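What follows is a set of notes on a single structure, which appears directly below.
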Amino acid sequence: AQSVAQPEDQVNVAEGNPLTVKCTYSVSGNPYLFWYVQYPNRGLQFLLKYITGDNLVKGSYGFEAEFNKSQTSFHLKKPSALVSDSALYFCAVDGGGNKLTFGTGTQLKVEL
Amino acid sequence: DAMVIQNPRYQVTQFGKPVTLSCSQTLNHNVMYWYQQKSSQAPKLLFHYYDKDFNNEADTPDNFQSRRPNTSFCFLDIRSPGLGDAAMYLCATSWTRSVGETQYFGPGTRLLVL
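Same order as they appear, the protein sequences are chains E and L. So the first sequence is numbered by my numbering: it starts at 141 and just counts up by one. So the second sequence is numbered by my numbering: it starts at 5 and just counts up by one.
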């Protein structure tokens, strides 16, 4: 069965600094990986996904993610964090039939 | 703008009183999903429709039902809500069920059971 792990419940970063939100995955076939962001009392917003091709995937709002097959990781990154980036971030894997399995989420807090 | 709409945004019901949550979409997507998200947890897929074809997840309680009268609308019915059903309910859509297809989410309905 497929799964993703987000090892950090919370990540704190100062505004203007680079941020990384970690995700590792476990799948039996090719990995199809997603990042979503959730603001308080809101639905999930799609940020980016990895299907195939370049290991560096660029997404919305300046976010990017690096796919690393040898480390089975798909970490979310942004070169310069904004206070408005503070939210809950979910990594997810498509296990087939477009059924997403989500990680437990990482709360990102960007402070002035 | 094409979007996924959920009404109401907040719903209060009484223990055991049936409740219906609504989702509509202007994306003309073939697939509509319902997820349950309890406080600070990951969303959990309840079921989905591919066109008129209903697909239930194995561990979804019988208390949860769904209807999709047309392409644009999908409803989540909770026949006898219990206190443990208090959660955020998220509707999502996608064009197909192909692996890797992006799902687009609505803003969610927060259900409170008294």
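Glycine included, C-beta positions come from ideal geometry on N, C-alpha and C. Bear in mind that the values here come from a model prediction, so they are computed numbers and not experimental data.
Contact with chain E by residue i, beta-carbon distance below 8 Å
{"i": "L:V103", "result": "yes"}
{"i": "L:R72", "result": "no"}
{"i": "L:A90", "result": "no"}
{"i": "L:P12", "result": "no"}
{"i": "L:P111", "result": "yes"}
Cα-Cα separation, residue i to residue j
{"i": "L:S43", "j": "E:K209", "result": "32 Å"}
{"i": "E:K198", "j": "E:F207", "result": "11 Å"}
{"i": "L:Q45", "j": "E:T244", "result": "6 Å"}
{"i": "E:D194", "j": "L:R101", "result": "23 Å"}
{"i": "L:S98", "j": "E:N238", "result": "9 Å"}
{"i": "L:F77", "j": "L:F58", "result": "14 Å"}
{"i": "L:V35", "j": "L:V16", "result": "28 Å"}
{"i": "E:G236", "j": "E:V153", "result": "35 Å"}
{"i": "L:P22", "j": "L:R72", "result": "18 Å"}
{"i": "L:D89", "j": "L:W38", "result": "14 Å"}
{"i": "L:H33", "j": "L:A62", "result": "24 Å"}
{"i": "E:V233", "j": "L:Y108", "result": "15 Å"}
{"i": "E:E204", "j": "L:Q41", "result": "26 Å"}
{"i": "E:R182", "j": "L:L116", "result": "16 Å"}
{"i": "L:P85", "j": "E:S220", "result": "45 Å"}
{"i": "L:L25", "j": "E:G156", "result": "41 Å"}
Min CB distance residue i to chain L below 8 Å
{"i": "E:T212", "result": "no"}
{"i": "E:N181", "result": "yes"}
{"i": "E:F203", "result": "no"}
{"i": "E:K217", "result": "no"}
{"i": "E:K189", "result": "yes"}
Beta-carbon contacts of residue i that lie in its chain and below 6 Å, excluding the five residues immediately before and after
{"i": "L:N60", "result": "F51"}
{"i": "L:Y14", "result": "R114"}
{"i": "E:Q146", "result": "C163, C231, G243, T244 and T246"}
Contacts that residue i makes with chain L (C-beta to C-beta distance below 7 Å)
{"i": "E:Y172", "result": "V103 and G104"}
{"i": "E:D234", "result": "V103 and G104"}
Listed by chain order, chain L residues near residue i by CB distance under 8 Å
{"i": "E:N152", "result": "Simply none; closest approach about 17 Å."}
{"i": "E:N238", "result": "V35, S98, T100, R101, S102, V103, G104, E105 and Q107"}
{"i": "E:K209", "result": "Here the premise fails: no neighbours, minimum Cβ distance about 16 Å."}
Close Cβ partners of residue i (< 7 Å) along its chain, the five nearest in sequence each way excluded
{"i": "E:S166", "result": "Q142, S143 and T212"}
{"i": "E:A227", "result": "V177, Q178, Y179 and L248"}
Listed by chain order, chain L residues near residue i by CB distance under 9 Å
{"i": "E:T244", "result": "S44, Q45 and A46"}
8 Å contact criterion, which residue i and residue j should meet: CB distance rounded
{"i": "L:Q29", "j": "L:G112", "result": "With 8 Å as the limit, L:Q29 and L:G112 do not qualify as a contact, their Cβ atoms being about 14 Å apart."}
{"i": "L:S70", "j": "L:Y93", "result": "11 Å between Cβ atoms; not a contact."}
Closer than 7 Å at the beta carbon, the chain E residues around residue i
{"i": "L:L115", "result": "None at all; the shortest Cβ gap to chain E is about 13 Å."}
Residues that residue i contacts on chain E, provided the C-beta gap is smaller than 8 Å
{"i": "L:L3", "result": "Only positions 5 to 118 of chain L appear in this structure, which leaves residue 3 of chain L out of reach."}
{"i": "L:L49", "result": "K239 and L240"}
beta-carbon residue i near the ligand PLP non-hydrogen atom, thresh 7 Å
{"i": "E:T192", "result": "Looking for the ligand PLP in the displayed structure turns up nothing, as the structure carries no ligands at all."}
Contacts around residue i, its chain only, beta-carbon distance under 8 Å, and the 5 residues preceding and following it disregarded
{"i": "L:K56", "result": "R72"}
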